[in-house]
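Below you'll find the structure, written out as structure tokens, and then a few comments.
In structure tokens form, the structure reads like this:
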């Protein structure tokens, strides 16, 4: 059975929606001693614990540490802990080709921000951000100063990273390390839009038959990076840009990428990466061999205006399309819909296949274009207040 430990009261209130969860326990995941106590109580039920795993930031390293304490097959906890912090990630990769130029400043040190002028254009981010939250593109000094202050106001005791903007195609590299062997399970090209100063990924193209030379150079970079972290066992994904032939790391996270990635890999390659990760956590043999290679593309939908969701149209028509393999719609009626400031503000996606990459992309975009979000307009004063906060 699966026992879910959660700090989300919303998940507890919607317990019936988690049919694959045998037991759900509410606890403070930020309190390490409390989590350990809950696990000890489960063992007294009695339950025999086979694995402790998290697929959510920032609990991946915590789960690996708890597994190690109990003598279970454990992922590389210390490496995961480093990956969860963007400043530590940059420090690990210091003096390598895979780092951008960067500057780290305490939130209270806004007066020293002029030292970042030589890096412009830049990306400014909070060191513990994920899903592109609290990440801003700054083409000039005025936007750099403004966005630095936005993050500083949110995290006055925190540290802010200022990195040179890297220009080039960006990819997600899904990895499962098994006892020191680095396996690239999937490579996914990303299509990125700059929306109100935020990088929002709206398209994912699974590379089902990548060029061997491309993969060879990518593997060398991935192995170099993960060796620096001491990452030997477990899942991670790297977001990387190819800048004039050099692979640069945007960020690395100690888990599979979310938002439909597992479905996409299974549709295109026949590999259920979540299942194989759980097998690894239980000490079982994993199977990462592709069962087929089907061009697959995911198109994501975002809102361009703010309002209260009244209804959604087009889903049934889209689901009848034989090229469409998965449709996911996140918000419910009555939900406040806003333009995106992070990847969490994408409200739906369509995964489609085709005979070629181009056909899969066209099929996904055509299907996504049929889904409509019908809004109820907000009072102008409320709308202005919302946008003033973002």
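In the working numbering, the protein residues as written are 201 to 590.
Here a beta-carbon is modelled for each residue, glycine too, at the ideal position from N, C-alpha and C.
Because the structure is a prediction, the values reported are computed rather than measured.
Beta-bridge analysis with DSSP links residue 365 to no other residue.
For residue 336, the three-state secondary structure derived from DSSP is strand. If only uninterrupted alpha helix (DSSP H) runs of at least 4 residues are considered, those enclosed by the segment 459–528 are 461–469, 473–481, 515–519. Residue 403 and residue 497 do touch by the CB rule: their CB atoms are close to 7 Å apart, below 8 Å. Here residue 204 is bridged, per DSSP, to 224. In this structure, the CA atom of residue 408 is about 25 Å from the CA atom of residue 546. Look at the beta carbons and you see the segment 276–287 touching the segment 325–339: at least three pairs across the two are nearer than 8 Å. Linking residue 276 to residue 382 through their CA atoms gives a straight-line distance of about 13 Å. Assignment of residue 531 by DSSP, reduced to helix, strand and coil, places it in the coil class.
With contact defined as three or more Cβ pairs closer than 8 Å, the segment 547–564 and the segment 477–493 are not in contact. Three or more pairs of CB atoms, one per stretch, sit closer than 8 Å, so the segment 440–450 contacts the segment 296–311. Taking a contact as a CB-CB distance under 8 Å, the pair residue 520 and residue 467 does not count as one, their CB atoms being some 17 Å apart. Contact check for residue 578 and residue 507: beta-carbon distance about 6 Å, within the 8 Å limit, so the pair qualifies. Where residue 399 is concerned, the enclosing beta strand (DSSP E) starts and stops at 398–406. The distance from the Cβ of residue 224 to that of residue 218 is about 7 Å, consistent with a contact at the 8 Å cut-off.
Counting along the chain, the unbroken alpha helix (DSSP H) around residue 292 starts and ends at 286–292. Following the DSSP letters along the chain, one finds residue 326 inside the beta strand (DSSP E) bounded by residues 322–326.
Sixteen is the threshold: when 16 or more other Cβ atoms of the shown chains lie within 10 Å of the Cβ of residue 361, as they do, the residue is buried. For residue 573, there is no enclosing alpha helix (DSSP H); the residue is part of the beta strand (DSSP E) that begins and ends at 572–577.
For the options 278, 269, 266, 511, the alpha carbon positioned closest to that of residue 532 is the one of 511.
Under a 10 Å Cβ-count criterion, residue 379 is classified as exposed, with fewer than 16 other Cβ atoms of the shown protein chains found around its own Cβ. DSSP, reduced to helix, strand and coil, places residue 437 within a strand of the structure shown. With contacts defined by Cβ atoms closer than 8 Å, residue 455 and residue 499 do not form a contacting pair.
Put simply, the backbone Cα of residue 515 is about 25 Å away from that of residue 220.
By the neighbour-count definition (other C-beta atoms within 10 Å, threshold 16), residue 369 is an exposed residue. In the structure shown, residue 375 adopts extended strand secondary structure according to DSSP, grouped into three states.
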